[in-house]
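Below is one structure, written out as C-alpha coordinates, with a few remarks after it.
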Amino acid sequence: MAFLGLTDLGGYHCFDHDACRAAGAEKSAQYRAADPFPHVVIDDFLDPAFLRGVLAEFPDSTGRDYFDRDQERLKFQFRPDQCTGAHTRMLFAELNSRAFLAFLSEMTGIRGLIADPYHSGAGLHETRRGGHLGIHADFPHHGRMKVERRLNLLIYLNEDWDPDYGGALELWDQDMKQARRSVLPELGRAVIFSTDRDTFHGHPEPLACPQGRSRRSIATYYYTAIAAPLPEIERTTDFRVRPGTTDRTDWRIRFQNLKSDWMPPILQRRGREPLAPLVAEQSAARP
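For what it's worth, full-length UniProt numbering labels the leading residue of the sequence shown as 1, then goes sequentially.
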(Lines of atoms letter the chains of each structure in order from A and count residues from 1; the text may use other names and numbers.)
(Lines give C-alpha, C1' and ligand atoms only; values in the text may rest on other atoms or scores of the structure.)
Protein backbone atom coordinates (compact mmCIF):
# COMPACT_ATOMS: atom_id res chain seq x y z
CA MET A 1 0.00 0.00 0.00
CA ALA A 2 1.31 3.45 -0.92
CA PHE A 3 2.34 5.79 1.90
CA LEU A 4 0.43 8.66 0.25
CA GLY A 5 -2.67 7.77 -1.72
CA LEU A 6 -3.91 9.50 -4.84
CA THR A 7 -7.68 9.70 -5.13
CA ASP A 8 -9.08 9.17 -8.63
CA LEU A 9 -11.62 11.91 -9.41
CA GLY A 10 -12.83 10.57 -12.73
CA GLY A 11 -9.40 10.49 -14.30
CA TYR A 12 -7.66 13.20 -12.28
CA HIS A 13 -5.61 11.84 -9.37
CA CYS A 14 -5.10 14.06 -6.33
CA PHE A 15 -3.91 14.07 -2.73
CA ASP A 16 -6.27 14.44 0.23
CA HIS A 17 -5.38 17.36 2.48
CA ASP A 18 -6.20 15.74 5.84
CA ALA A 19 -4.48 12.48 4.90
CA CYS A 20 -1.37 14.42 3.89
CA ARG A 21 -1.25 16.28 7.19
CA ALA A 22 -1.60 13.04 9.15
CA ALA A 23 1.15 11.39 7.09
CA GLY A 24 3.47 14.33 7.70
CA ALA A 25 2.89 14.19 11.44
CA GLU A 26 3.67 10.46 11.40
CA LYS A 27 7.15 11.08 9.94
CA SER A 28 7.94 14.28 11.81
CA ALA A 29 10.13 12.90 14.62
CA GLN A 30 12.07 10.65 12.23
CA TYR A 31 12.70 13.52 9.82
CA ARG A 32 13.95 16.01 12.38
CA ALA A 33 16.24 13.54 14.20
CA ALA A 34 17.92 12.18 11.06
CA ASP A 35 21.69 12.25 10.53
CA PRO A 36 23.67 13.96 8.96
CA PHE A 37 20.89 16.53 8.38
CA PRO A 38 17.09 16.44 8.52
CA HIS A 39 15.76 13.95 5.98
CA VAL A 40 13.53 10.95 5.51
CA VAL A 41 13.54 7.96 3.16
CA ILE A 42 10.10 6.47 2.43
CA ASP A 43 9.57 3.32 0.39
CA ASP A 44 6.32 2.86 -1.58
CA PHE A 45 5.79 6.59 -1.31
CA LEU A 46 3.22 6.60 -4.14
CA ASP A 47 1.21 3.94 -5.96
CA PRO A 48 3.74 1.98 -8.07
CA ALA A 49 1.18 1.57 -10.86
CA PHE A 50 0.84 5.33 -11.10
CA LEU A 51 4.62 5.77 -11.12
CA ARG A 52 4.90 3.19 -13.88
CA GLY A 53 2.53 5.42 -15.81
CA VAL A 54 4.96 8.32 -15.33
CA LEU A 55 7.84 6.08 -16.37
CA ALA A 56 6.00 5.05 -19.54
CA GLU A 57 5.66 8.75 -20.42
CA PHE A 58 9.32 9.58 -19.75
CA PRO A 59 10.66 11.72 -22.61
CA ASP A 60 13.23 10.31 -25.00
CA SER A 61 16.57 11.97 -24.27
CA THR A 62 18.09 11.11 -27.65
CA GLY A 63 19.61 14.23 -29.17
CA ARG A 64 18.82 16.38 -26.12
CA ASP A 65 21.26 18.68 -24.38
CA TYR A 66 22.75 17.41 -21.14
CA PHE A 67 25.23 18.39 -18.42
CA ASP A 68 28.73 17.26 -19.32
CA ARG A 69 31.41 18.60 -16.99
CA ASP A 70 33.58 17.29 -14.19
CA GLN A 71 30.89 17.88 -11.57
CA GLU A 72 28.03 16.22 -13.46
CA ARG A 73 28.01 14.13 -16.61
CA LEU A 74 25.37 12.66 -18.88
CA LYS A 75 22.55 14.23 -16.85
CA PHE A 76 19.33 15.25 -18.60
CA GLN A 77 16.50 17.40 -17.20
CA PHE A 78 12.92 17.81 -18.42
CA ARG A 79 10.55 20.39 -16.97
CA PRO A 80 6.95 19.20 -16.54
CA ASP A 81 5.82 21.46 -19.40
CA GLN A 82 8.24 19.54 -21.64
CA CYS A 83 6.37 16.32 -20.83
CA THR A 84 3.16 15.46 -22.64
CA GLY A 85 1.89 12.57 -20.49
CA ALA A 86 -1.17 12.94 -18.27
CA HIS A 87 0.32 11.00 -15.34
CA THR A 88 3.39 13.25 -15.31
CA ARG A 89 1.46 16.51 -15.55
CA MET A 90 -1.00 15.45 -12.84
CA LEU A 91 1.74 14.35 -10.48
CA PHE A 92 3.70 17.60 -10.70
CA ALA A 93 0.52 19.60 -10.21
CA GLU A 94 -0.23 17.64 -7.05
CA LEU A 95 3.33 17.88 -5.76
CA ASN A 96 2.80 21.65 -5.91
CA SER A 97 -0.62 21.48 -4.26
CA ARG A 98 -1.87 22.80 -0.92
CA ALA A 99 -2.36 19.23 0.30
CA PHE A 100 1.22 18.21 -0.40
CA LEU A 101 2.59 21.41 1.14
CA ALA A 102 0.62 20.49 4.26
CA PHE A 103 2.37 17.10 4.33
CA LEU A 104 5.78 18.75 4.06
CA SER A 105 5.02 21.40 6.68
CA GLU A 106 3.72 18.88 9.21
CA MET A 107 6.77 16.68 8.75
CA THR A 108 9.47 19.37 8.74
CA GLY A 109 7.95 22.07 10.92
CA ILE A 110 8.62 24.63 8.18
CA ARG A 111 5.64 26.96 7.78
CA GLY A 112 4.80 29.07 4.77
CA LEU A 113 6.27 26.70 2.21
CA ILE A 114 6.06 27.89 -1.39
CA ALA A 115 5.95 25.58 -4.40
CA ASP A 116 7.75 26.53 -7.60
CA PRO A 117 5.46 26.93 -10.63
CA TYR A 118 8.55 27.55 -12.79
CA HIS A 119 10.16 24.22 -11.78
CA SER A 120 13.62 25.78 -11.71
CA GLY A 121 16.04 22.86 -11.89
CA ALA A 122 13.17 20.48 -11.14
CA GLY A 123 11.19 18.01 -13.24
CA LEU A 124 12.20 14.60 -14.57
CA HIS A 125 15.91 13.80 -14.27
CA GLU A 126 17.88 11.13 -16.09
CA THR A 127 21.53 10.10 -15.86
CA ARG A 128 22.93 7.64 -18.39
CA ARG A 129 25.54 4.92 -18.03
CA GLY A 130 28.89 6.48 -17.08
CA GLY A 131 27.26 9.62 -15.73
CA HIS A 132 27.39 10.98 -12.20
CA LEU A 133 26.47 13.92 -9.98
CA GLY A 134 29.19 15.15 -7.63
CA ILE A 135 28.53 15.83 -3.96
CA HIS A 136 27.14 19.33 -3.57
CA ALA A 137 24.86 21.68 -1.64
CA ASP A 138 22.08 23.20 -3.73
CA PHE A 139 21.54 26.81 -4.75
CA PRO A 140 20.04 28.75 -1.83
CA HIS A 141 17.67 31.14 -3.63
CA HIS A 142 15.24 31.07 -6.53
CA GLY A 143 16.45 33.96 -8.66
CA ARG A 144 13.15 34.50 -10.42
CA MET A 145 10.84 34.30 -7.40
CA LYS A 146 13.32 35.78 -4.88
CA VAL A 147 12.63 33.07 -2.30
CA GLU A 148 14.83 30.82 -0.18
CA ARG A 149 15.19 27.12 -0.98
CA ARG A 150 14.30 24.89 1.98
CA LEU A 151 13.44 21.35 0.83
CA ASN A 152 14.24 18.82 -1.88
CA LEU A 153 11.98 15.92 -2.86
CA LEU A 154 13.26 13.03 -4.97
CA ILE A 155 11.11 10.09 -6.11
CA TYR A 156 12.89 7.32 -7.97
CA LEU A 157 11.59 5.54 -11.08
CA ASN A 158 14.03 2.62 -11.44
CA GLU A 159 12.47 -0.82 -11.36
CA ASP A 160 14.67 -3.86 -10.57
CA TRP A 161 17.69 -1.67 -9.88
CA ASP A 162 20.73 -3.80 -9.07
CA PRO A 163 23.05 -2.33 -6.39
CA ASP A 164 25.96 -3.12 -8.71
CA TYR A 165 24.63 -0.46 -11.08
CA GLY A 166 25.62 2.22 -8.56
CA GLY A 167 23.75 5.52 -8.51
CA ALA A 168 22.99 5.50 -4.79
CA LEU A 169 22.25 8.93 -3.32
CA GLU A 170 24.89 9.75 -0.70
CA LEU A 171 24.28 12.13 2.20
CA TRP A 172 27.53 13.54 3.60
CA ASP A 173 28.40 15.12 6.92
CA GLN A 174 28.92 18.86 7.30
CA ASP A 175 32.71 18.54 7.34
CA MET A 176 32.71 16.49 4.11
CA LYS A 177 34.51 13.68 5.85
CA GLN A 178 32.24 10.75 5.05
CA ALA A 179 28.93 9.68 3.58
CA ARG A 180 26.57 9.06 6.47
CA ARG A 181 23.80 7.49 4.41
CA SER A 182 23.48 5.78 1.04
CA VAL A 183 20.10 5.34 -0.67
CA LEU A 184 19.57 3.14 -3.72
CA PRO A 185 17.29 4.78 -6.34
CA GLU A 186 14.60 2.08 -6.43
CA LEU A 187 11.10 2.54 -7.87
CA GLY A 188 8.75 4.31 -5.48
CA ARG A 189 11.42 5.29 -2.96
CA ALA A 190 11.27 8.95 -1.95
CA VAL A 191 13.92 11.03 -0.24
CA ILE A 192 13.00 14.39 1.29
CA PHE A 193 15.69 16.53 2.89
CA SER A 194 16.40 20.03 4.11
CA THR A 195 18.59 22.21 1.92
CA ASP A 196 21.19 24.52 3.39
CA ARG A 197 24.78 25.55 2.79
CA ASP A 198 26.06 22.30 4.26
CA THR A 199 23.52 19.66 3.19
CA PHE A 200 25.93 17.85 0.92
CA HIS A 201 24.59 15.12 -1.34
CA GLY A 202 24.96 13.49 -4.76
CA HIS A 203 25.73 10.22 -6.56
CA PRO A 204 29.38 10.76 -7.39
CA GLU A 205 30.48 7.42 -8.88
CA PRO A 206 29.95 6.78 -12.62
CA LEU A 207 26.88 4.64 -13.26
CA ALA A 208 27.60 1.03 -14.20
CA CYS A 209 24.10 0.12 -15.37
CA PRO A 210 23.73 -1.88 -18.62
CA GLN A 211 23.46 -0.11 -21.95
CA GLY A 212 19.86 0.92 -22.46
CA ARG A 213 19.28 1.50 -18.73
CA SER A 214 19.55 4.86 -16.96
CA ARG A 215 18.95 6.38 -13.54
CA ARG A 216 15.60 8.21 -13.55
CA SER A 217 13.91 10.31 -10.91
CA ILE A 218 11.33 12.98 -10.14
CA ALA A 219 12.64 16.13 -8.43
CA THR A 220 10.80 19.07 -6.90
CA TYR A 221 11.99 21.86 -4.61
CA TYR A 222 10.22 24.01 -2.03
CA TYR A 223 10.89 27.50 -0.70
CA THR A 224 9.99 30.10 1.89
CA ALA A 225 9.95 33.88 1.71
CA ILE A 226 13.24 35.62 2.47
CA ALA A 227 13.16 37.44 5.79
CA ALA A 228 14.07 41.11 5.47
CA PRO A 229 13.93 44.07 7.88
CA LEU A 230 10.66 45.93 7.76
CA PRO A 231 10.74 49.68 7.05
CA GLU A 232 10.35 52.06 9.97
CA ILE A 233 7.11 53.30 8.43
CA GLU A 234 5.14 50.26 7.35
CA ARG A 235 2.77 50.25 4.42
CA THR A 236 -0.87 49.98 5.33
CA THR A 237 -3.97 49.14 3.29
CA ASP A 238 -3.64 50.76 -0.12
CA PHE A 239 -7.13 51.86 -1.14
CA ARG A 240 -7.50 53.23 -4.65
CA VAL A 241 -10.09 55.41 -6.37
CA ARG A 242 -12.33 53.76 -8.96
CA PRO A 243 -12.64 55.81 -12.14
CA GLY A 244 -16.00 57.42 -12.77
CA THR A 245 -17.09 57.27 -9.12
CA THR A 246 -17.19 59.63 -6.15
CA ASP A 247 -14.57 57.63 -4.25
CA ARG A 248 -12.06 59.84 -2.47
CA THR A 249 -8.36 59.37 -1.98
CA ASP A 250 -7.04 59.26 1.57
CA TRP A 251 -3.98 61.41 0.96
CA ARG A 252 -2.55 60.90 4.41
CA ILE A 253 -2.35 57.11 3.89
CA ARG A 254 -1.13 57.54 0.32
CA PHE A 255 1.64 59.78 1.65
CA GLN A 256 2.54 57.22 4.32
CA ASN A 257 2.90 54.48 1.71
CA LEU A 258 5.01 56.70 -0.51
CA LYS A 259 7.32 57.43 2.43
CA SER A 260 7.54 53.70 3.20
CA ASP A 261 8.50 52.95 -0.40
CA TRP A 262 10.88 55.81 -1.12
CA MET A 263 12.12 57.59 2.01
CA PRO A 264 15.55 56.58 3.39
CA PRO A 265 15.36 54.75 6.77
CA ILE A 266 16.86 57.62 8.79
CA LEU A 267 14.13 59.97 7.56
CA GLN A 268 11.47 57.33 8.12
CA ARG A 269 12.45 57.13 11.77
CA ARG A 270 12.06 60.90 12.12
CA GLY A 271 8.69 60.91 10.40
CA ARG A 272 7.15 57.91 12.11
CA GLU A 273 5.58 59.38 15.23
CA PRO A 274 3.00 61.75 13.69
CA LEU A 275 1.38 58.90 11.75
CA ALA A 276 1.37 56.33 14.56
CA PRO A 277 -2.07 57.33 15.97
CA LEU A 278 -3.56 57.17 12.47
CA VAL A 279 -2.24 53.63 11.88
CA ALA A 280 -3.56 52.47 15.25
CA GLU A 281 -6.95 54.03 14.54
CA GLN A 282 -7.22 52.32 11.15
CA SER A 283 -6.11 48.94 12.54
CA ALA A 284 -8.75 49.14 15.27
CA ALA A 285 -11.46 49.96 12.75
CA ARG A 286 -10.84 46.85 10.58
CA PRO A 287 -13.17 43.86 11.16
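Backbone N, C-alpha and C define an ideal beta-carbon position, used for all residues, glycine too. Computed from a prediction, not measured in an experiment: that's the story for all the values here.
- Note on the region 198–231: whole beta strand (DSSP E) runs with a minimum of 3 residues are 201–203, 214–225, in chain order.
- Within the same chain, and ignoring the five residues on either side of L101 in sequence, the residues whose Cβ sits closer than 6 Å to its Cβ are L113.
- For I218, the closest C-alpha among the options G121, V147, D175 is that of G121.
- Contact between F37 and T199 holds: CB atoms are separated by about 5 Å, below the 8 Å threshold.
- Pairing Y12 with D116 gives a Cβ-Cβ distance that is not under 7 Å.
- As a beta-bridge residue in DSSP terms, V183 pairs with L169.
- Residue state for Q77 is assigned as strand, using DSSP reduced to three classes.
- In this structure G131 is buried. Its beta-carbon is surrounded by 16 or more other beta-carbon atoms within 10 angstroms.
- Taking M107 as the centre and dropping the five residues before and after it, the same chain places the C-beta of G24, K27, S28, Y31 closer than 6 Å to its C-beta, in chain order.
- DSSP, reduced to helix, strand and coil, places F92 within a helical segment of the structure shown.
- In the three-state reduction of the DSSP assignment, H39 falls in the strand class, which pools E and B.
- For the pair M90 and W251, the Cα-to-Cα distance works out to about 48 Å.
- Here C209 has R129, Y165 as same chain residues with Cβ atoms under 6 Å from its own Cβ, once five neighbours each way along the sequence are excluded.
- Measuring C-alpha to C-alpha distances from D18 to each of T62, R64, S105, A93 identifies S105 as the nearest.
- Separation of Q211 and A225 (C-alpha to C-alpha, rounded to the nearest whole angstrom) is 44 Å.
- With 16 or more neighbouring CB atoms inside 10 Å of its own CB, K75 falls in the buried class.
- Sequence-distant Cβ neighbours of C14 in its own chain, meaning closer than 6 Å and more than five residues away, are T7, E94.
- Taken atom to atom, the span from the alpha-carbon of D196 to that of W172 is near 13 Å.
- The region 152–165 makes contact with the region 178–189: 3 or more CB pairs, one atom from each, lie closer than 8 Å.
- The three-state secondary structure of Y12, taken from DSSP, is strand.
- Between the C-alpha atoms of R149 and T88 there is a straight-line separation of about 23 Å.
- Membership of S194 in the beta strand (DSSP E) is indicated by the continuous run 190–194.
- Within the model, the alpha-carbon separation for A22 versus A137 is close to 30 Å.
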